[in-house]
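Asker:
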Amino acid sequence: MSLVPLPSSIIPFLEPYLPREKNDRPFVTLTWAQSIDSRIAAAPGTQTKISHPETKTMTHYLRAYHDAILVGIGTVLADDPKLTCRYGNFSKIRPVVVDPAAKWDYSKSTISTLCQELKALAPIILTNREAEPLKENVELLQSHGGSYRALQFLLEYEHNWIEVLRELHACDIKSVMIEGGAKVINSLLVSENLVDSVIVTIGPVFLGKQGVEVSPPAGLELQDVAWWRGTTDSVMAARLITLPEVEDLDETTE
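In terms of UniProt numbering, the sequence shown is residues 1 to 254.
1) Taking the beta carbon of Q210 as the centre, do at least 16 other beta carbons fall within 10 Å, making it buried, or is it exposed?
2) Which residues bound the alpha helix (DSSP H) around W104?
3) Given that a residue counts as buried once 16 or more other Cβ atoms are within 10 Å of its Cβ, and exposed if not, what is A226?
4) Report buried or exposed for I224, applying the criterion of at least 16 other Cβ atoms within 10 angstroms of its Cβ.
5) Is the stretch 193-201 touching the stretch 16-28, taking contact as three or more C-beta pairs under 8 Å?
6) Just how far apart, CA to CA, sit V3 and V138?
7) Cα-Cα, which of A33, A43, G74 is closest to M58?
8) Inspect the beta-carbon positions of V205 and V71 and report whether they are closer than 9 Å.
9) Using alpha carbons as the reference points, say which of A68, L134, A43 lies closest to C171.
10) By a C-beta neighbour count over all protein chains shown, 10 Å radius and 16 as the cutoff for buried, is D37 buried or exposed?
11) Looking at the secondary structure, which residues open and close the alpha helix (DSSP H) in which V164 lies?
12) Based on Cα-Cα distance, which residue from N23, L6, S8, T84 lies nearest to Q165?
13) Tell me whether E136 is buried or exposed, calling it buried when 16 or more other Cβ atoms sit within 10 Å of its Cβ.
14) Ignore the nearest five residues each way along the sequence and tell me which others in T201's own chain have a CB closer than 6 Å to its CB.
15) In the structure shown, what three-state DSSP assignment does Q116 receive?
16) Taking only three categories from DSSP, how would you classify Q142?
17) Just reading off the beta strand (DSSP E) that D79 is part of, what are its end residues?
18) On the DSSP bridge list, what partners appear for Y148?
19) Excluding the 5 residues flanking W228 on each side, which residues of the same chain have their C-beta closer than 6 Å to its C-beta?
20) Rounding to the nearest angstrom, what Cα-Cα distance links S215 and G181 in this structure?
21) Alpha carbon to alpha carbon, how far is G203 from P5? Give it in angstroms, no decimals.
22) Which of the three DSSP states is assigned to L249 in this structure?
This is the structure:
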């Protein structure tokens with residue numbers, strides 16, 4: 001399905017939050033679409049329409065400015081996404097999948113088919129050192145130009161993003177757009193000094209308590225906040241400030 005035109009007003013809105021060169025690690029853009037009640041899906045493992053087609057185009061516009069797009073294994077298993085860029089000249093973007101236990105059957109994925117047809121770059125799949133990917137997946141991925149990368153303690157990757165970004169930097173990835181799922185988003189929101197831009201699309205819908213929630217385990221404050229309003233969605237762009245932990249109420253009440 002073709003993309004709808006990108007609203008011209010969104011280009012200057014996004015410009016201050018686009019990747020800038022960094023020396024020590026890739027520039028990190030954390031982005032997702034959510035409901036008014038901070039849900040990114042109606043239930044675990046399900047695809048849920050939240051945003052307007054024009055903000056879908058915005059997502060592909062943002063991808064065109066990044067070297068890689070990263071998602072967690074939950075997103076891949078639930079959605080079987082293409083993880084491509086369809087904006088402008090259809091520039092290719094490198095998929096990165098965080099798959100600690102090597103659960104993903106790459107050979108049966110949409111991405112594998114696209115790579116076979118030379119329509120996409122092959123992914124980098126990050127696993128834990130103890131994981132054992134299927135031999136046929138390893139061979140097929142290598143034939144497409146991708147690779148498995150084993151990292152230490154990736155089963156606790158919410159505490160190991162520095163190692164993930166270091167590995168991507170070694171792969172000559174200078175910017176990465178991270179799109180989910182909820183566990184990935186929540187852990188990165190409290191990873192100090194690792195996220196450079198946050199771009200959130202808010203759709204006009206409530207998904208309810210059973211939905212998959214984005215809510216980090218610690219308080220956060222945003223700075224350099226800007227808003228854009230579209231046909232139905234609102235988009236917030238910002239940068240993060242990590243708040244100190246709140247003291248125990250009994251100790252602070254006089």
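Where is the CB? At the ideal position from N, CA and C, for every residue including glycine.
Answerer: Taking the definition as stated:
1) exposed
2) Where W104 is concerned, there is no enclosing alpha helix (DSSP H), given that its DSSP letter is neither H nor E.
3) exposed
4) The sequence given here has Asp at residue 224, not Ile. Burial call: exposed.
5) yes
6) The question names Val, but residue 3 in the sequence shown is Leu. Between L3 and V138, the C-alpha separation is close to 33 Å.
7) A33
8) no
9) A68
10) exposed
11) 161-170
12) Note that residue 165 is Leu in the sequence shown here, rather than Gln. Ranking N23, L6, S8, T84 by Cα distance to L165 puts N23 first.
13) exposed
14) A33, S51, T55, D233, V235
15) helix
16) helix
17) Element bounds for D79: not the beta strand (DSSP E) but the alpha helix (DSSP H), 73-79.
18) I125
19) I10, F13, V235
20) 12 Å
21) 18 Å
22) Low confidence applies here, because L249 scores a pLDDT of 46, under 50, leaving its location unreliable; read the following figure in that light. It is helical.
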